[in-house]
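In UniProt numbering, the protein residues as written are 1 to 244.
Even glycine gets a Cβ: it sits at the ideal position worked out from N, Cα and C.
One structure is given below, encoded as structure tokens.
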Ligand SMILES: [Mg+2]
């Protein structure tokens, strides 16, 4: 049976060119033994651009926009879009967010119908995001707020994040949780680790993910010694998903 490898792109798979080359060689040589999914905060267009720049292998699926969109080849999964739209009122959430001057709106390319993206000063993040969450709840709206990379704030539907998108695909592919490895480096990967699969935190992970790992990490989570793509290869061996 194939195993499922789900990896974040920036600073997880991508970040060390020599390690990425080793990863590409090992995975290409064993491509029929696994399904490959990229799960990124990038939009689909910017993820494809990174693929071209870095020579990334073609995955079976793309999870983009922090889990708000799923693509196979160039086609967006319409069922996932429909699922996310339940209990989601983008305009009302945007109106509340606009009352916080310290939330700086990100460029249009980073926004999509299921995602509002901002930048914030990390010193202000805790208090502002708590207030924002409270106002959203008071208004009777449903949304989740995800803080990553010490500056990115993504507001997403309650029903969609990287972890939920991964589980949707894992069930579609019929791969058990203990044959699924998720890999990440930052706060927007936490939802991946909160599902019930195996997990790799790369040694170069950001402080918000390391803090989460120290508090909530379980035996099914592995902190690699190596950074970036070498960490992914290390975890594949550690969990005995494949021998090279
Ligand atoms: Mg990352």
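Discussion item. Check whether the segment 19-31 and the segment 73-85 touch, using three or more Cβ-Cβ pairs below 8 Å as the test.
Written reply: no
Worksheet item: Can residue 89 and residue 129 be called in contact, C-beta distance under 8 Å?
Response: Numbered from 1 along the chain shown, position 89 holds the residue referred to as residue 89. Numbered from 1 along the chain shown, position 129 holds the residue referred to as residue 129. No.
Worksheet item: So is the beta-carbon of residue 67 under 7 Å away from any non-hydrogen atom of ligand 1?
Response: Translated into the one-based positions of the chain shown, residue 67 becomes position 67. Not so, every heavy atom of ligand 1 lies at least 7 Å from the Cβ.
Worksheet entry | Any chain B beta carbon closer than 8 Å to residue 141 | Looking at the structure shown, chain B is missing, and only one protein chain is on hand.
Worksheet item: residue 183 bridges to which residues according to DSSP?
Response: The residue labelled residue 183 in the question sits at position 183 within the chain shown. Its beta-bridge partners are 7, 200.
Item to complete: May I ask you to report which of helix, strand or coil DSSP gives residue 111?
Response: Looking up residue 111 in the chain shown gives position 111. Reduced to three states, the DSSP call for residue 111 is coil.
Discussion item. For residue 106, report the span of its alpha helix (DSSP H) as first-last.
Written reply: On the chain shown, position 106 is the one that residue 106 refers to. Unbroken run through residue 106: none, as it is neither H nor E.
Fill in: Option nearest residue 160 by Cα separation, candidates 17, 55, 70, 56
Indexing the chain shown from 1 puts residue 160 at position 160. When each option's Cα is compared against that of residue 160, the closest is 70.
Worksheet entry | Helix, strand or coil at residue 133 according to DSSP, with G and I counted as helix | Position 133 of the chain shown, counted from the first residue, corresponds to residue 133. Residue 133: helix per DSSP, three-state reduction.
Worksheet item: Does the beta-carbon distance from residue 110 to residue 117 come in below 8 Å?
Response: Position 110 of the chain shown, counted from the start, is the residue given in the question as residue 110. Position 117 of the chain shown, counted from the start, is the residue given in the question as residue 117. Against a cut-off of 8 Å, the Cβ pair of residue 117 and residue 110 comes out as a contact.
Item to complete: Below 6 Å CB to CB, which residues in the same chain sit around residue 125 once its five sequence neighbours on both sides are set aside?
Response: As a first step, residue 125 must be located in the chain shown, where it is residue number 125. Within the same chain, residue 125 has close Cβ partners 147.
Discussion item. For a minimum of 3 consecutive residues, which ranges assigned as the beta strand (DSSP E) are wholly contained in the segment 205-238?
Written reply: 221-223
Worksheet entry | DSSP state of residue 153 mapped onto helix, strand, coil | Within the chain shown, the letter at position 153 stands for residue 153. It is a strand residue.
Worksheet item: So who's on the other strand from residue 117, going by DSSP bridges?
Response: The sequence position of residue 117 within the chain shown is 117, counting from 1. Partner(s): 154.
Worksheet item: Got a sec: does ligand 1 put a non-hydrogen atom nearer than 7 Å to the Cβ of residue 12?
Response: As a working mapping, residue 12 is identified with position 12 in the chain shown. Within the cutoff, so yes.
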